[in-house]
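Here's the structure, in structure tokens; my notes come after.
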Amino acid sequence: MKPIEILKKAQEGKYAIGQFNISTDEQIRAVIEAAKDLKSPVIIGTSESEREFIGTKQAVALVETWKKETGLPIILNADHCKGFESAKEAVNAGYDMIQFDGSGLSFEDNIKDTKQVVEYTRSKNPEIIIEAELGYLRGSSEIHKEKIEIKEEDLTRPDEAREFVEKTRIDSLAIVIGNTHGIEIGEEPPLFLDRLKEIQRVVPNTFLVLHGGSKTPEKDIKGAIELGIVKININTELRIAYSDALEKEIKAHPDEIKPYKILAPAVEEMKKVVAEKIKLFGSQGKI
3 MKPIEILKKA QEGKYAIGQF NISTDEQIRA VIEAAKDLKS PVIIGTSESE
53 REFIGTKQAV ALVETWKKET GLPIILNADH CKGFESAKEA VNAGYDMIQF
103 DGSGLSFEDN IKDTKQVVEY TRSKNPEIII EAELGYLRGS SEIHKEKIEI
153 KEEDLTRPDE AREFVEKTRI DSLAIVIGNT HGIEIGEEPP LFLDRLKEIQ
203 RVVPNTFLVL HGGSKTPEKD IKGAIELGIV KININTELRI AYSDALEKEI
253 KAHPDEIKPY KILAPAVEEM KKVVAEKIKL FGSQGKI
């Protein structure tokens, strides 16, 4: 199945596919084993920093091996490419999906730079999915001890979303509707689902993406999927599961030096997170 067909099926079936960001082989294993157990399509993401650690070509090779072994519909996404060269590297390495993040630019420059990525990507491989970002997404993939203030001007505007999609011809659009990267201490803020509804109405054929899905209230996740979100990004919760399990295992067995024994509990804890999200997003049993 072509990558874009995986998203089309989700859009038509009113469920979302989880993107789980990774930077190690253990994380890839956890994500794919959970998806296999639940018969779910899955997206694996690597940010620029994550690609720098695991290797861009190496990530492609690892995921291709898992694709062949499991037969799962897996999409590998180059997450948050901040510049043309970053996107170009991922395209040439064999990624299935490119997310160009020009959200820090002016609206006009975001369109211009996104178009450059679209033109290059389509010239190399027209089957690669292209995602862009519109709006200002606050936070980073970590635990925030102070509350993140979301401002009205941060949110994606429906009129700009329509113009952006028309001028860039992207496949997917990551929007800002009250979501933030990372996890806040205390209650997570609700999503502005009315804004999502307005955006979906003006770009009905575009795959809408929710970044910062970690710890977003379940009712908001379900409401967002019902209103057209087809891809939800998870990173921080996976990182916490990994680091907490690793710390616990080392404390419990301080004399253990075999990496495969030390790391095994972390894989299992990450699998639990992935399985929970797959069930929440409604993609279980969709293959």
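In terms of our numbering, the sequence shown opens at residue 3 and continues consecutively. All C-beta atoms in this analysis are idealised placements derived from N, C-alpha and C, irrespective of residue type, glycine included.
Comparing C-alpha positions only, which one of L210, R159, A243 sits nearest to E228?
Reading the sequence shown from its first residue, position 226 is the one you call residue 228. Distance from the Cα of E228 is smallest, within the candidate group L210, R159, A243, for L210.
For a test of your reading of the model: does the CB of A18 fall under 7 Å from any non-hydrogen atom of the ligand MG? Yes or no.
The ligand MG is absent from the structure shown, which contains no ligands of any kind.
Count the other C-beta atoms from every protein chain shown that fall within 10 angstroms of the C-beta of Y17, then say buried if there are 16 or more, exposed otherwise.
Locating residue 17 in the sequence shown gives position 15, counting from the first residue. By the neighbour-count rule (16 or more Cβ atoms within 10 Å), Y17 is buried.
Cα separation between P192 and K221?
If you number the sequence shown from 1, residue 192 lands on position 190. If you number the sequence shown from 1, residue 221 lands on position 219. Spanning the two alpha carbons is a distance of roughly 9 Å.
CB-CB length for E200 against P160, believed under 8 Å:
Within the sequence shown, residue 200 is the residue found at index 198, counting from 1. Within the sequence shown, residue 160 is the residue found at index 158, counting from 1. Right, their Cβ atoms sit about 4 Å apart.
Give every residue of the same chain whose Cβ lies closer than 6 Å to the Cβ of K10, excluding the five residues on either side of it in the sequence, and list them in chain order.
In the sequence shown, the residue the question calls residue 10 occupies position 8. So no residue of the chain qualifies.
What separation, rounded to the nearest whole angstrom, lies between the Cα atoms of T67 and I76?
Taking the first residue of the sequence shown as position 1, residue 67 is located at position 65. Taking the first residue of the sequence shown as position 1, residue 76 is located at position 74. Distance between the alpha carbons of T67 and I76: 11 Å.
Are the Cβ atoms of E52 and N94 separated by less than 8 Å?
For this step, residue 52 is matched to residue 50 along the sequence shown. For this step, residue 94 is matched to residue 92 along the sequence shown. For E52 and N94, no; Cβs fall outside 8 Å.
Beta-carbon within less than 6 Å of L78's beta-carbon, same chain only, minus the 5 sequence neighbours each way: which residues are those?
Stepping through the sequence shown from its first residue, residue 78 is reached at position 76. Its chain contains I46, V65, Y97, D98 as the residues whose beta carbon lies nearer than 6 Å to that of L78, once the 5 sequence neighbours on both sides are disregarded; these appear in chain order.
Who are the Cβ neighbours of H82 in its own chain at under 7 Å, not counting the five residues just before and after it?
Working through the sequence shown from its first residue, we reach residue 82 at position 80. Cβ within range, chain order: S49, E50, Q101, D103.
Simplified DSSP state of S285, which is helix, strand or coil:
Residue mapping note: residue 285 aligns to position 283 of the sequence shown, counting from 1. Correct three-state label for S285: coil.
If K233 sits next to Q29, beta carbons under 8 Å apart, how far is it from one beta carbon to the other, in whole angstroms?
The residue given as residue 233 occupies position 231 in the sequence shown. The residue given as residue 29 occupies position 27 in the sequence shown. Not confirmed; about 18 Å, so no contact.
By a C-beta neighbour count over all protein chains shown, 10 Å radius and 16 as the cutoff for buried, is R241 buried or exposed?
On the sequence shown, position 239 is the one that residue 241 refers to. So R241 counts as buried.
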